[in-house]
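In the working numbering, the protein residues as written are 2 to 518.
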């Protein structure tokens, strides 16, 4: 993915403010450049929130009621004409700011007009009160359907709904992790800002096209932006994203390619929840592939207090939130089916330079709350008047992680330190990490396998590494003591004669994280 200062030549920002929207060719990059110019001009204008006093019955829709308002597939755009179809989301419940959707046809932007007739109102709702609202208040977002899993069924493939949130599916997946266009001041010691995609522009697909292109304009108090999404559905659905961002006012923490997910419990904090299910999470770990090729696996946590981890990187190859456990019995949830939640991987294009992959973990007691955020934070400050461009690929689905290079972490658990049956020691914790994969299965317990460890704000009281009898698994066990008020940061990878054999396991722990909270 390419990161650079984005400067338009030949026109100043002040001159752009007077330029009318351009006629464009929808099939070329001209439209994206035109949209970019408009967003660059808008950065000098005061931000105006598109507030709307929703009329009844839209204003009284709660969570359950909103779920009963669904787009009518019979009225979908391009139904019967292409593999992709387009529908809108209704306003109501949390969504009280309208957006617009336009088609790019013949060099023109043609805004779509929606009415109550484009929606189905299921019981206990009645259609008549919605039909009586005149004028129709508008729409909240868009969704794209596609025959993803079967040629006869148009599955939901992609949605844009709320702020700059969007999410997609690969074959066999169900919704879990979401992405955003931008993150502004997440966990930065002040209120987080949520810029919005306010307008969408879609190139109508041809009858047999297997990709679809969507443009979006982003508006917020601190930033504006022009976005392009090229979507390729498949076993793992790929989205090529280009974001051109203009900064209105200084931003403390600008998050690029942000992902949002949920981790309630599993493994290390299983005992904190009295629940019949072994695990409850949309994602279980942060994966990082460094420029050097080193792979890092950071198990997620539901901490006792807000936690942040920062991985300084230069031109990372990839990062994302992964759901590795894919068996039903790992979760035993016949309704949520967490084993089907997609992994989402960000693959930067070009040189992103120096920055941090940031992981934010927020305490939660309920699985309905998204409490995990990760994003790229450039080292260069996001100051008023600056502009940057980032391009990257998002991959959604059951992403294969098989690697001929490194063995992986397959299980991680924790408990009180010391031997089984002993009394817990305050400020200490036992961590157990199992590795499995290439080369490890060929090694014997007598071979000189080394556990390469690091720890900050703590110390290893005891460590042990051995091959599990009868298995091709190597187990690392560590009793860890906290020695500071800051969280303990620890990691380990296995090697033989200086040759790395595994990914690097990483974790952050505070005493009390494993307790109910």
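Where a beta carbon is used, it is the ideal one built from N, C-alpha and C, also for glycine.
(message) Considering Cα atoms alone, identify which of 370, 357, 399 is closest to residue 381.
(response) 357
(message) Given this structure, state the Cα-to-Cα distance separating residue 513 from residue 255, to the nearest angstrom.
(response) 31 Å
(request) Using 10 angstroms around the beta-carbon of residue 46, count the other beta-carbons present and answer buried if the total reaches 16, otherwise exposed. (result) exposed
(message) Quick check on residue 226: does DSSP put it in helix, strand or coil?
(response) strand
(request) Specify the secondary structure class of residue 308 as computed by DSSP and reduced to three states. (result) strand
(request) Return the first residue and the last residue of the beta strand (DSSP E) that residue 476 is part of. (result) 474-483
(request) Identify, in the order they occur along the chain, each residue of the same chain with its Cβ nearer than 7 Å to the Cβ of residue 441, setting aside the five sequence neighbours on each side. (result) 408, 473, 475, 502
(message) Runs of 4 residues minimum, wholly inside the stretch 62-146: which ones carry the alpha helix (DSSP H) assignment?
(response) 64-68, 128-132
(message) Taking the alpha carbon of residue 341 as the reference point, which residue from 51, 377, 302, 282 has its own alpha carbon closest?
(response) 282
(request) Just confirm the distance between the C-beta atoms of residue 468 and residue 444, as a whole number of angstroms; I'd bet it's less than 8 Å. (result) 7 Å
(request) Let me know the beta strand (DSSP E) ranges lying completely inside the stretch 237-320, each 3 residues or longer, listed in chain order. (result) 238-248, 255-262, 264-266, 286-290, 296-300, 308-315
(message) Using the Cβ count rule (16 or more neighbours within 10 Å means buried), how would you classify residue 306?
(response) exposed
(message) Our contact map puts residue 203 next to residue 224 with C-beta atoms below 8 Å; I'd like the distance itself, whole angstroms only.
(response) That belief does not hold up - the Cβ atoms of residue 203 and residue 224 are roughly 23 Å apart, past 8 Å.
(message) Could you pull the DSSP bridge partners for residue 218 from this structure?
(response) 200, 227
(request) Report the three-state DSSP secondary structure of residue 332 (helix, strand or coil). (result) helix
(request) State yes or no: is the C-beta of residue 298 within less than 8 Å of the C-beta of residue 464? (result) no
(message) Tell me the rounded alpha-carbon separation between residue 161 and residue 117.
(response) 20 Å
(request) List the endpoints of the continuous beta strand (DSSP E) containing residue 464. (result) 459-468
(message) So if DSSP puts residue 156 in a beta bridge, which residue, or which two residues, is it bridged to?
(response) 147
(request) May I ask which residues mark the beginning and end of the beta strand (DSSP E) holding residue 509? (result) 505-510
(request) Please confirm if the stretch 78-86 is in contact with the stretch 120-131, defined as three or more CB-CB distances below 8 Å between the two stretches. (result) no
(request) Measure the CB-CB distance between residue 219 and residue 165 and report whether it falls below 8 Å. (result) yes
(request) Would you check if there are 3 or more beta carbon pairs closer than 8 Å linking the stretch 239-249 to the stretch 260-269? (result) no
(message) Measuring only the C-alpha atoms, how far is residue 274 from residue 280?
(response) 10 Å
(message) Check whether the stretch 93-113 and the stretch 61-72 touch, using three or more Cβ-Cβ pairs below 8 Å as the test.
(response) yes
(request) Please go through the same chain and pick out, in chain order, the residues whose beta-carbon is closer than 6 Å to the beta-carbon of residue 213, but skip the five residues on each side of it. (result) 85, 206, 232
(request) Could you pull out every residue in the same chain whose Cβ sits closer than 7 Å to the Cβ of residue 486, ignoring the five residues on either side in sequence? (result) none
(message) Short of 8 Å in beta carbon distance, which residues of its chain neighbour residue 431, apart from the five on each side in sequence? Order them along the chain.
(response) 415, 416, 417, 418, 419, 478, 479, 480, 481
(request) May I ask you to list the residues that DSSP assigns as paired with residue 356? (result) 314, 379
(message) Would residue 332 and residue 278 qualify as a contact pair, given that the criterion is a beta-carbon distance under 8 Å?
(response) yes
(request) Give me whichever residues DSSP pairs with residue 166 in a beta bridge. (result) 181
(request) Would you identify the three-state DSSP class for residue 39, choosing helix, strand or coil? (result) helix
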